[in-house]
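First to last, the protein sequences are chains A and B.
Quick note on numbering: the first sequence equals residues 1 to 111 in our numbering.
Quick note on numbering: the second sequence equals residues 1 to 115 in our numbering.
Positions of the beta carbon are idealized from the N, C-alpha and C atoms, including for glycine.
None of these values were measured; they are calculated from a predicted model.
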Amino acid sequence: RKEVEQDPGPFNVPEGATVAFNCTYSNSASQSFFWYRQDCRKEPKLLMSVYSSGNEDGRFTAQLNRASQYISLLIRDSKLSDSATYLCVVEGRGSQGNLIFGKGTKLSVKP
Amino acid sequence: DAGITQSPRHKVTETGTPVTLRCHQTENHRYMYWYRQDPGHGLRLIHYSYGVKDTDKGEVSDGYSVSRSKTEDFLLTLESATSSQTSVYFCAISESRGTSFDTQYFGPGTRLTVL
C-alpha cells in the first residue's frame, strides 16, 4: 500500500451536491491526520484536522477509521468556491516522521 | 494568514548554475520545511529544520542543501541546477511537533524553471 493514496478525480458535481473523498494510509502508527485544500497555482491551506471521534466544521465533515486505515472528507451543499484540489495528509513513519501528502483529489463544482 | 514569504517567486535559470531560494517567516515558529510539488506527485519533503543550525534530510534531498542561521530564515540551495529540479517549491512552518503534529502553514511558493 502506498503511504497515502487518494482518488485523483476529477470529481465534477453540480452546486448543492454532497461529495465524499476517501484516503487510505499505510502507517498504522500515525497519530496526526489533516485535510488541506489547494487552489490552482496557490499554496496548500489547512482545511481541517481529523480527530479520532470525527469532526465537523460547517459543511465539512472529516472521519477517521483506524481499523481500516482510511480518512474521509464529506462536503455538503457544494459551492462553486469549493472547487479546488483536496490533499489528504498523514504522519509518516519513524521517530523523525514527517507529514506525508497525498497527490490530491480534484473537485470541480459546476453551476 | 501566517507570515511567510518566499523569494524569488519566479525564476528561470540554466542547467549547472547554483540557485538559492529564501523562505522568511515572522511567526517565530521553530520548524521550517522545504517541499517540491510536481505533476503526478504529492508534495515531497526536501529538507527540514528543527531549530537554528539544526537541519535534516527529507525524502528527496539529493542535489539540495539548506541553511538556517536565524529563526526567521531558511535557505534552499540547488548546488548545480538540473532540468529535473524544475518544480514549484513551497516553504512551510510549524510551531512544534510534540506528540502530534501541529499544522503546517505554507508560503506562496517559488516557480523554478531550469533550462
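Residue i: contacting residues in chain B (beta-carbon distance under 8 Å)
{"i": "residue 44/A", "result": "43, 90, 106"}
{"i": "residue 102/A", "result": "42"}
Which residues DSSP lists as bridging residue i, in chain order
{"i": "residue 155/A", "result": "Examination of residue 155/A is not possible in this model, given that chain A is present from 1 through 111 alone."}
{"i": "residue 55/A", "result": "62/A"}
{"i": "residue 109/A", "result": "13/A"}
{"i": "residue 11/B", "result": "112/B"}
{"i": "residue 51/B", "result": "54/B"}
{"i": "residue 24/B", "result": "5/B, 73/B"}
Distance between beta carbons of residue j and residue i, contact taken as under 8 Å
{"i": "residue 90/A", "j": "residue 25/A", "result": "4 Å"}
{"i": "residue 110/B", "j": "residue 72/B", "result": "Contact flag wrong, Cβ pair sits at about 17 Å."}
{"i": "residue 96/B", "j": "residue 77/B", "result": "Contact flag wrong, Cβ pair sits at about 26 Å."}
{"i": "residue 13/A", "j": "residue 72/A", "result": "That pair is no contact at about 16 Å."}
{"i": "residue 18/A", "j": "residue 93/A", "result": "With 8 Å as the limit, residue 18/A and residue 93/A do not qualify as a contact, their Cβ atoms being about 34 Å apart."}
{"i": "residue 22/B", "j": "residue 6/B", "result": "7 Å"}
{"i": "residue 13/B", "j": "residue 83/B", "result": "The Cβ separation is near 10 Å, so there is no contact."}
Residues that residue i contacts on chain A, provided the C-beta gap is smaller than 9 Å
{"i": "residue 109/B", "result": "41, 42, 43"}
{"i": "residue 58/B", "result": "98"}
Short CB-CB distance (under 8 Å) between residue i and chain B
{"i": "residue 50/A", "result": "no"}
{"i": "residue 13/A", "result": "no"}
{"i": "residue 4/A", "result": "yes"}
Cross-chain neighbours of residue i in chain A, by beta carbon under 8 Å
{"i": "residue 48/B", "result": "98"}
Member of the options whose CA lies at the smallest distance from the CA of residue i
{"i": "residue 11/A", "options": "93/A, 80/A, 2/A, 99/A", "result": "80/A"}
{"i": "residue 44/A", "options": "99/A, 86/A, 107/A", "result": "86/A"}
{"i": "residue 4/B", "options": "83/B, 114/B, 91/B", "result": "91/B"}
{"i": "residue 69/A", "options": "15/A, 30/A, 16/A", "result": "30/A"}
{"i": "residue 16/A", "options": "3/A, 47/A, 74/A", "result": "74/A"}
{"i": "residue 46/A", "options": "93/B, 113/B, 114/B", "result": "93/B"}
{"i": "residue 9/B", "options": "89/B, 48/B, 45/B, 83/B", "result": "89/B"}
{"i": "residue 60/B", "options": "33/B, 74/B, 51/B, 69/B", "result": "33/B"}
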